[in-house]
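Novice: Questions regarding the structure given below will be posed in turn.
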Amino acid sequence: METKLNGTTISLIKGDITRQNTEAIVNAANSSLMGGGGVDGAIHRAGGPEIVKECKKIVDLQGRLPAGKAVITTGGKLKARHVIHTVGPVWRGGDRNEAELLASAYEESLKIAIANGLKTVSFPSISTGAYGYPVYQAAEVALRTVLDFLKAQPAACLKKVVFVLFDPGTYQAYEEALQKLDPSATPTERGTV
Ligand code: ADP
Numbered sequence: 011m012e013t014k015l016n017g018t019t020i021s022l023i024k025g026d027i028t029r030q031n032t033e034a035i036v037n038a039a040n041s042s043l044m045g046g047g048g049v050d051g052a053i054h055r056a057g058g059p060e061i062v063k064e065c066k067k068i069v070d071l072q073g074r075l076p077a078g079k080a081v082i083t084t085g086g087k088l089k090a091r092h093v094i095h096t097v098g099p100v101w102r103g104g105d106r107n108e109a110e111l112l113a114s115a116y117e118e119s120l121k122i123a124i125a126n127g128l129k130t131v132s133f134p135s136i137s138t139g140a141y142g143y144p145v146y147q148a149a150e151v152a153l154r155t156v157l158d159f160l161k162a163q164p165a166a167c168l169k170k171v172v173f174v175l176f177d178p179g180t181y182q183a184y185e186e187a188l189q190k191l192d193p194s195a196t197p198t199e200r201g202t203v
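11 is the number of the first residue of the sequence shown in my numbering; add one for each residue after it.
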């Protein structure tokens with residue numbers, strides 16, 4: 011499914027983010043930036059040791075990365091030239107600023123992409139795995155944040171934002187959220203993004 015907003019295409023696809031050829035892919039990292047399970051582990055495995063080397067330098071300089079912030083490294087052996095590492099919130103019931111921190115993780119990732127002159131970015135579903143954020147709520151925050159951010163930018167500051175969703179349930183949640191937020195969103199043929 012996809013939609014267009016202010017010159018940017020926003021697409022939802024099912025798949026593995028490590029195989030995307032956008033200029034950057036976003037990693038749902040943890041504050042240590044030293045790798046972990048889920049999508050984080052998959053990105054470090056596929057990208058090789060160059061990524062963690064740069065992450066270590068960043069942590070040595072600025073300390074652990076707090077939830078809601080983002081940093082950028084090489085993509086190592088990935089097709090994507092860069093990995094943007096962001097930390098989503100751990101779900102603690104919903105009244106511990108989780109929605110704001112999740113929105114900030116998406117927004118800071120988009121800002122860092124633009125600051126580095128990148129035009130195409132892929133996101134996973136941040137916080138909805140090990141961090142336990144309910145996926146329907148997370149999908150709405152993720153899409154609303156990206157759509158609102160793009161609306162407020164100069165036209166076509168980014169060409170393409172892709173949500174790469176790993177399992178059917180997650181894909182469905184994002185599809186429903188996008189339909190709700192933007193009824194003009196249309197189905198895409200597989201392989202077109
Ligand atoms: P978090 O700790 O932020 O919750 P996880 O990696 O545990 O991050 O999960 C976030 C989402 O990423 C989940 O929906 C999980 O299924 C998904 N995921 C895991 N591996 C991949 C991958 N290779 N590509 C895209 N998404 C993935």
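Every residue, glycine too, gets a C-beta built ideally from N, C-alpha and C.
State the Cα-Cα distance for the pair E117 and S21, rounded to the nearest angstrom.
Specialist: The alpha-carbon atoms of E117 and S21 are separated by roughly 17 Å.
Novice: Suppose you measure from the CA of K66 to the CA of Y141; what does that come to, to the nearest Å?
Specialist: Whole-angstrom Cα-Cα distance: 22 Å.
Novice: If you count every other CB in all the chains shown that lies within 10 Å of the CB of M11, and 16 or more means buried, which is it?
Specialist: With 16 or more Cβ atoms within 10 Å of its Cβ, M11 is classed as buried.
Novice: Suppose you measure from the CA of K121 to the CA of E186; what does that come to, to the nearest Å?
Specialist: Each residue's alpha carbon lies about 26 Å from the other.
Novice: Smallest Cα separation from F176: which of K87, T13 and R29?
Specialist: Among K87, T13 and R29, the Cα nearest to that of F176 belongs to R29.
Novice: According to DSSP, what are the bridge partners of V36?
Specialist: In DSSP, V36 forms a bridge with I94.
Novice: Quick one: does the C-beta of I20 sit closer than 6 Å to a heavy atom of the ligand ADP?
Specialist: No, since every heavy atom of the ligand ADP falls outside the 6 Å radius drawn around the Cβ of I20.
Novice: Less than 6 Å between C-beta atoms, sequence neighbours within five positions excluded: which residues of the same chain meet that for H92?
Specialist: Closer than 6 Å at the Cβ level, and outside the excluded window around H92, lie A34, I82 and G85.
Novice: Mapping the DSSP letters down to three states, classify T155 as helix, strand or coil.
Specialist: Helix.
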